[in-house]
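In the working numbering, the protein residues as written are 459 to 1374.
Glycine residues also receive a C-beta, built at the ideal position from the N, C-alpha and C atoms.
Read the structure below first, then the notes.
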Amino acid sequence: MATGEADTARLKSIELEKRFNPPDFEGRIYEMWQEGGYFSPESGYSDADKEPFIIVIPPPNVTGVLHLGHGLNNSLQDVLIRYYRMLGHPTLWVPGTDHAGIATQNVVERMVRAQGTSREQMGREAFVAETERVALDHKTTIRRQLQKIGASCDWSRERFTLDEGLSRAVREVFVALYERGLVYRGNYLVNWCASCGTALSDDEVEHAEVQGALYHYFYPLVDGSGRIEVATTRPETMLGDTCVAVNPNDERYKHLVGKEVELPLTERTIPIVADDYVDMTFGTGAVKVTPGHDPNDYQIGLRHNLERVNILNPDGTLGDAVPKRYRGLSVPEARKRVVADLQGQGYFLGREDYTHQVGHCYRCDSVIEPFLSEQWFVRMQPLAEKALAAWERGEVLFYPRRWENTYAHWLREIRDWCISRQLWWGHRIPVWYCAACGEMSVSRADITACEHCGSAEITQDEDVLDTWFSSWLWPFSTLGWPDETEDLKRYFPTSTLVTAYDIIFFWVARMIMASLEFLGEVPFRDIYITSLVRDKQGRKMSKSLGNGIDPLEVVDEYGADALKFTLAFLSTLGQDILLGHDTFAIGSKFANKIWNAARYLLMNLDGRRVVPFDEIELREPDRWIYHRLNRTVERVHSGMRGYRFDEVGHAVYEFFWNDFCDWYIELSKLSLYSDDEAERDRAASLLLYLLEESMRLMHPLLPFVTEEIYQKLPALPGREARDGSTGGAPGLIVARFPESSADREAPDVAGKFAALQELVTAVRTLRSEFTLPPSMKVRFLVRTDPGYHAAEFFERHLELIRMLTGADDAEDGIELVHSEAVDHSRLKGSVAVVGAGFEAHLFVRELIDVEAAVQRFEKEIAKHRKALQRAEAKLNSSGFLEKAGAEIVTKEQGRKRELEIQIRTLEGHLERLRGS
RNA sequence: GAGCGGUUAGCUCAGUUGGUUAGAGCACUUGCUUGACAUGCAAGGGGUCGGUGGUUCAAAUCCACUACCGCUCACCA
């Protein structure tokens, strides 16, 4: 560079706030990103030849606000998005929310009840309008929260499952599946939640063990020839019994098959039938059968052509099918009365405690009743087969792999999907029933006349569709399907799905089904299953336990970077994360470290000139740090590719803190404060280049602090931005991600530098053990074995060693000797520390406790002897010598030699110490 | 009943294809106002890898059995 330009290129020092305070810049930085349009795949900062990288957000429910699970999930999505964006891929993260039918309706119902009204009083239209208002509110909150944690979603593409376009997708799919015979309507036994007032799919029922009872009683034979004893956990259902079943091979009952029994408490008589289903060994071997209220009984009923008696009303009370005295009672009330009546009338035989599994509503935890009703279903078998085949062909990959079992198992055991919900909040089922001809019309568009007879006397199905019936279309409905939009062409299929394991079949498997059915391909290739967030005791975070952590509070307290970095750092593949509030100190401390390192470097720029990188002579310590950086870059890339966020976090943490701050910045002080102007420029420039590259490397994990620092950096010549301009990118967010390169590899230098670190640490350890404060300069002599690989390296970096060990500044502060041994006379007054291939003698004998030093040596010798024994044992074993690889044997031999030397050396020192 | 995961320092977790003295963060001990950082610097102590048996020259790492913890799935009245 021409010296004439020098003055104009002189830098001023740059001030960063002394205190690292994320709120000072996070909001401003996010705004800058948004205004720059960087969140869009068409930002102009991506490479034309690269594949787009697309994520669709798992849409949070509009029921509430984000919890820490969302914090984790979205932080990791942001890490991926930012990484691929910096790699130059057109990158799109589609945000949005889910209308969450039951949950949201429940929330709003509670709200209106608190206001003294009710859903029924308000009427459907007003209630839905109110729900829309609440949903909008929550959508706004959720968006703000995602922005606060730094999510770089493309907000111009935000979607909601009830949007016009997505609703059209829902209709298209419903009607198309109906046309293909995959959607049907029928009167079947479904899971009914009386409290929510709706049917549920099988997957929405959670089984829990309940302490109940097995009630025994009998039914008398009509012909008076005897009786048959049954046992049940649900005696009240006997009011809907339509037969008693026994096993056809059961000798005890063979003669009774075909006979009738009286059904107590009712006026009815029912037959005894033979059915293979009945287990002769369980209970009495005779089963009361209620096809209207038990799935097994339902099957028996089909086989024997039995009547199905529905004893319940939709609200869970007993209905008109039962005798008057039981009508209107709740199930528990009815159970009591039935048992009491059976006792009163002499049918009751006793009860025994019995624990069994009972289905509960996943939303409200009420007991689920099998309930006979008219519902819409999806025939899942054909869809499941496709989804299974796609997985078998390797078209989707789970991280970690073991979740594929969950996926495959669910698909193999697939059952039809009940999709109607007796709710008001959701996609209204697009079916109209005609009062005139009795036919139904299934239509993509709203209709005003019956498609069969043209009558206007039609009414739309009152029910709405299961929320998941819209969620399963999310990866393509958000991109515009069923229209053939540009987005759909460009950005479907997406790249990676980041979600939790509890919705693998609710959502993940179904999305794959829907995509295969309607787009002909899987919606994403990689499925990253996040860890589950728990509290420090390992309990699931929940509202009722009050042990949840609000991600926004974490952001307020520590900053969004701390949230993101900590979660990534702890995200090992398939392990739950235990978190307390203070856990986020991990990220917070690291961000603080970054801030302060940058602050220090930038405050020391006054009068410096940035030397173009190509003109800088890289010396050994520089080659060492670039070697370390190169290895780190590789670790980061492989960690990102394998969704090993913990690896990525640890890699950058170790590099930046341990290598760069603890060693490189420290050693650079020698140059940075030298008298030589050119040397200072050289050092400052290298530090800036390293800082800049570190910011790029760490940006996905700590986007805010790295961007803030990046914005403060002076222009660095030779750094080309993604848009072709020089001196850097307009935002770190679109700067180039570091790539590893072979010419940065310097294993030889790295090995020597490690030796230097070993020497420095050894000296420091000795100082520390004898409490020689850093301010006390010491004099020492280093002897290296002949042929020691780092001998000349030490020679070349004597000043460095001097600085790092706190050695005396005098000419003879450190002396290096390369020979087998040192004259004992020269070691008077020293105490030694022994390393592999070298020993250091510190002349501090009069300052230390000799007895302590003796003990130290004894301990050291004992340790080495043990290791030597192990090595010798190996080398004496013929098996080892014959079968182990030559390399390993050589290594072991070298190790043995080294230990022998060290022990001999240590023994010599010990002797001299004792003799003094 | 079936399947899956976990069991490694006081705590929370890493540990690639089996190969030297098993790592990290936190906590702990000691010493430091060392030209940015006490959210810091330097140094240190602390595990033989749940148990048993096996394969191997060699196992935290592979195999079998077993114990405990957790999760998921499952229609036995």
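| Item | Value |
| --- | --- |
| Applying the 10 Å Cβ sphere with the 16-neighbour rule, what's the burial state of Ala1385? | No answer is possible for residue 1385: it lies beyond the span of the chain, which begins at 459 and ends at 1374. |
| Going by DSSP, which residues form a beta bridge with Arg992? | Lys998, Leu1036 |
| Can you tell me whether Ser1288 is buried or exposed? The criterion is at least 16 other CB atoms within 10 Å of its CB, across all chains shown. | buried |
| Would you kindly work out how many angstroms separate the C-alpha atoms of His1367 and Tyr1084, rounded to a whole number? | 39 Å |
| Can you give the Cα-Cα distance for Glu765 and Thr695, rounded to whole angstroms? | 14 Å |
| What are the complete alpha helix (DSSP H) segments, minimum 4 residues, inside the stretch 1172-1231? | 1205-1227 |
| Using beta-carbon positions only, say whether Tyr986 and Leu550 come within less than 7 Å of one another. | no |
| If we ignore side chains and look at the alpha-carbon of each, how far apart do Asp1134 and Ile1319 end up? | 46 Å |
| Does the Cβ-Cβ distance between Ala562 and Arg879 come in under 7 Å? | Correcting the residue identity first, residue 562 is Thr in this sequence and not Ala. Against a cut-off of 7 Å, the Cβ pair of Arg879 and Thr562 comes out as no contact. |
| Please report the straight-line C-alpha distance between Lys1051 and Leu1025, rounded to a whole angstrom. | 18 Å |
| Can you find at least 3 beta carbon pairs, one from the stretch 1277-1288 and one from the stretch 1192-1212, that sit closer than 8 Å? | no |
| Taking the alpha carbon of Val631 as the reference point, which residue from Ala689, Lys1332, Phe934 has its own alpha carbon closest? | Phe934 |
| When you compare the CB positions of Trp882 and Arg582, do they come within less than 7 Å of one another, or not? | yes |
| Taking the Cβ atom as the reference point for each residue, do Ala744 and Val680 lie within a distance shorter than 7 Å? | no |
| Per DSSP, what kind of secondary structure is Ser788 in: helix, strand or coil? | strand |
| Go ahead and label Thr925 buried or exposed: buried means 16 or more other beta carbons lie within 10 angstroms of its beta carbon, across all protein chains shown. | buried |
| Secondary structure at Pro706, three-state DSSP: helix, strand or coil? | coil |
| Check whether the Cβ atoms of Leu658 and Asn649 sit closer than 7 Å, and answer yes or no. | yes |
| From the DSSP output, in three-state form, read off Leu1146 for me. | helix |
| With a threshold of 7 Å on Cβ separation, who are the neighbours of Asp439 within its own chain once the five nearest residues in sequence on each side are excluded? | Since the first residue shown for the chain is 459 and the last is 1374, residue 439 is missing from the structure and cannot be characterised. |
| Per the DSSP calculation, Asp829 is bridged to which residue(s)? | Note that residue 829 is Phe in the sequence shown here, rather than Asp. Beta-bridge pairing links Phe829 to Val648. |
| So, is Thr813 buried or exposed, given that buried needs 16 or more other C-beta atoms within 10 angstroms? | exposed |
| Determine, using beta-carbon pairs with one atom in the stretch 797-807 and one in the stretch 604-613, whether at least three such pairs fall under 8 Å. | no |
| Report, in whole angstroms, the separation of the C-beta atoms of Glu484 and Ala1208, which I expect to be a contact under 8 Å. | Actually they do not touch by this definition, with Cβ atoms about 37 Å apart. |
| Please name the residue or residues paired with Cys892 in a DSSP beta bridge. | Ile916 |
| Out of Tyr857, Val980, Arg591, Gly623, point me to the one whose CA is closest to Glu942's CA. | Gly623 |
| Do you know offhand how far Thr1164's Cα is from Val537's? | 13 Å |
| According to DSSP, which residues form a beta bridge with Asn519? | Asp556 |
| Please classify Glu1105: is it buried, with 16 or more other beta-carbons within 10 angstroms of its beta-carbon, or exposed? | buried |
| Would you mind reading off the limits of the beta strand (DSSP E) that contains Tyr857? | 855-857 |
| From the DSSP output, which residues share a beta bridge with Glu1297? | Arg1241, Val1292 |
| For Gly1373, which of helix, strand or coil comes out of DSSP? | helix |
| Could you round the C-beta distance between Arg1241 and Phe1296 to whole angstroms and report it? I think they count as a contact, below 8 Å. | 7 Å |
| Would you kindly work out how many angstroms separate the C-alpha atoms of Ser1143 and Glu473, rounded to a whole number? | 17 Å |
| Could you pull out every residue in the same chain whose Cβ sits closer than 7 Å to the Cβ of Glu915, ignoring the five residues on either side in sequence? | Cys892, Ala893, Ala894 |
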